[in-house]
Amino acid sequence: MGSSCSVIKFENLQELKRLCHWGPIIALGVIAICSMMAMIDSVLWYWPLHTTGGSVNFIMLINWTVMILYNYFNAMFVGPGFVPLGWKPENSQDCMYLQYCQVCQAYKAPRSHHCRKCNRCVMKMDHHCPWMNNCCGHQNHASFTLFLLLAPLGCSHAAFIFVMTMYTQLYDRLSFGWNTVKIDMSAARRDPLPVIPFGLAAFAATLFALGLALGTTIAVGMLFFIQMKIILRNQTSIESWIEEKAKDRIQYYQLDEVFVFPYDMGSRWKNFKQVFTWSGVPEGDGLEWPIREGCQQYSLTIEQLKQKADKRVRSVRYKAIEDYSGACCPLNKGLRTFFTSPCTEEPRVRLRKGELVLATRGLRYWLYGDKILDESFTEGMKHGRGCLKDKMAGSNSKPLKNNKQSHITCIRRAKEQGTSLSNKKKLLMYFSIALTSVRSL
Numbered sequence: 001m002g003s004s005c006s007v008i009k010f011e012n013l014q015e016l017k018r019l020c021h022w023g024p025i026i027a028l029g030v031i032a033i034c035s036m037m038a039m040i041d042s043v044l045w046y047w048p049l050h051t052t053g054g055s056v057n058f059i060m061l062i063n064w065t066v067m068i069l070y071n072y073f074n075a076m077f078v079g080p081g082f083v084p085l086g087w088k089p090e091n092s093q094d095c096m097y098l099q100y101c102q103v104c105q106a107y108k109a110p111r112s113h114h115c116r117k118c119n120r121c122v123m124k125m126d127h128h129c130p131w132m133n134n135c136c137g138h139q140n141h142a143s144f145t146l147f148l149l150l151a152p153l154g155c156s157h158a159a160f161i162f163v164m165t166m167y168t169q170l171y172d173r174l175s176f177g178w179n180t181v182k183i184d185m186s187a188a189r190r191d192p193l194p195v196i197p198f199g200l201a202a203f204a205a206t207l208f209a210l211g212l213a214l215g216t217t218i219a220v221g222m223l224f225f226i227q228m229k230i231i232l233r234n235q236t237s238i239e240s241w242i243e244e245k246a247k248d249r250i251q252y253y254q255l256d257e258v259f260v261f262p263y264d265m266g267s268r269w270k271n272f273k274q275v276f277t278w279s280g281v282p283e284g285d286g287l288e289w290p291i292r293e294g295c296q297q298y299s300l301t302i303e304q305l306k307q308k309a310d311k312r313v314r315s316v317r318y319k320a321i322e323d324y325s326g327a328c329c330p331l332n333k334g335l336r337t338f339f340t341s342p343c344t345e346e347p348r349v350r351l352r353k354g355e356l357v358l359a360t361r362g363l364r365y366w367l368y369g370d371k372i373l374d375e376s377f378t379e380g381m382k383h384g385r386g387c388l389k390d391k392m393a394g395s396n397s398k399p400l401k402n403n404k405q406s407h408i409t410c411i412r413r414a415k416e417q418g419t420s421l422s423n424k425k426k427l428l429m430y431f432s433i434a435l436t437s438v439r440s441l
């Protein structure tokens, strides 16, 4: 099947700046080290080119490198596809089923989500990948998944070369004494002698490359398994989370409804063909999608609106009692705050004493929520006082919950007021809930 979702055009060359990021630098560095060391080990010390097997092996190594880099750069530079700025559905009445993005000044098309890193609404967004410094979405989902497949395969081949090189070079150099094992690195293993002898530096470089290859095979292989699992259900990582929350919401409030994921085509093969096509172009335009029988185009977005309303009614308001600089690992807040900082690229918003925050969920020591710039947004909301005590006691994080009546009231209010939050500038952030930093209102 085609390994690309689109064609890299001339105007995409401005995307070269995406390479200036720690993710692509590390990813390309690992690819370069593993591929170059595998070729060097093969030609010099394990499988010379004058043999048939050595020639085939060398061609396979080059082929792995080319295919891996092609799909990597294709996923990076083609991009996921973005919802046009100012987009809205053709039927104005459908706007009530969609969320509005204040940044893009557009309604969020079904399956799209706003990425704060790309600063755009992404079509069928799966996640923002730091290793390619771009989002995985509608147009590059196939290339990204093929990269996740090819990288472990190529690294497995390279790891085999590394292991066999060290084995063949060290086997005849070992000498066993009564209580000792000696390695004579000056002894030659192959006749004729290689141009560059296999010394300690070569051994250390090969061992280092072996560690990178094995680590990449395991880590990226697991990511490929996760991606294929959701692709065969025609989902994204975000949609899988939305479906899970939908079931939890229905169970918690004991509602007489069943959530059916609308984009599951009924068979794994049909779902597979939604991403991988012979032409290399994914199905659909990224704005409208084929749906299963019994669902409508906005079934998922309606569920998202319900979850947004549910999240709002579960929210708890806090006030900062100390300034917070927004640093990732603030030393001035104590060692516990420093060492328990979450490993994420999410921004931390600077807080001043007396500013309000609206927490929607939390980890053990950190909360995730919004900085309130317009206090009228939270008028009439119920605020829990027990959550802060539980979290300070060190309990595991769970969604902040209120009663069922509040949930129903909030859904009704959301229908009356619409979904556009024009009176509130949303700033997603993490902030510490150390004992000296935050108190509940």
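Per full-length UniProt numbering: the sequence shown = residues 1 to 441. Note that the Cβ used here is the ideal one computed from N, Cα and C, for glycine as well. None of the values given here were measured: they were computed from a predicted structure.
Go through its chain and collect everything with a Cβ distance to Lys88's Cβ below 7 angstroms, but skip five positions before and after it.
Cys95, Ala106, Tyr107
Per the DSSP calculation, Cys328 is bridged to which residue(s)?
The partner list for Cys328 (beta bridge, DSSP) is empty, contrary to what the question assumes.
Where does Cys20 land, buried or exposed, given buried means 16+ other C-beta within 10 angstroms?
exposed
Apart from the five residues just before and just after Ile68, which ones in its own chain have a Cβ nearer than 7 angstroms to its Cβ?
Ile31, Phe147, Leu150, Ala151, Gly154
Check this for me: beta carbons of Cys135 and Cys118, under 7 angstroms apart or not?
Result yes, Cβ atoms of Cys135 and Cys118 sit closer than 7 angstroms.
For Gly286, decide whether its Cβ has a neighbour in chain C, counting only Cβ atoms nearer than 7 angstroms.
Considering every chain present, this structure includes no chain C. It has just one protein chain.
Reduced DSSP secondary structure (H/G/I, E/B, other) of Ala109
coil
On the DSSP bridge list, what partners appear for Cys136?
His127
Any idea what DSSP makes of Arg120, helix, strand or coil?
strand
Who are the near neighbours of Gln227 in its chain, counting only those whose CB is closer than 7 angstroms to its CB and skipping five residues on each side?
Excluding positions up to five away in sequence, the list reads Thr145, Leu148.
Check the C-beta distance from Glu355 over to Lys333 and give it rounded, since I have them as a contact under 8 angstroms.
Wrong, their Cβ atoms sit about 16 angstroms apart, outside the cutoff.
Please classify His138 as buried or exposed, where buried requires at least 16 other C-beta atoms within 10 Å of its C-beta.
buried
If we ignore side chains and look at the alpha-carbon of each, how far apart do Tyr70 and Ala202 end up?
29 angstroms
Close beta carbons around Ile25, own chain, < 8 angstroms, minus the five adjacent residues each side:
Leu19
Among the candidates Met132, Ile40, Ile231, whose CA atom is the shortest distance from the CA of Val78?
Met132
Under 8 angstroms, with one C-beta from each stretch per pair, do the region 154-169 and the region 204-220 reach the 3-pair mark?
yes
Going by DSSP, name the residue or residues bridged to Lys371.
Val357
May I ask you to report which of helix, strand or coil DSSP gives Val313?
helix
Buried versus exposed, by CB contacts within 10 Å (16 or more), Asp264:
buried
Can you confirm whether the region 269-284 touches the region 228-239 when touching is taken to mean that 3 or more C-beta pairs between the two stretches lie within less than 8 angstroms?
yes
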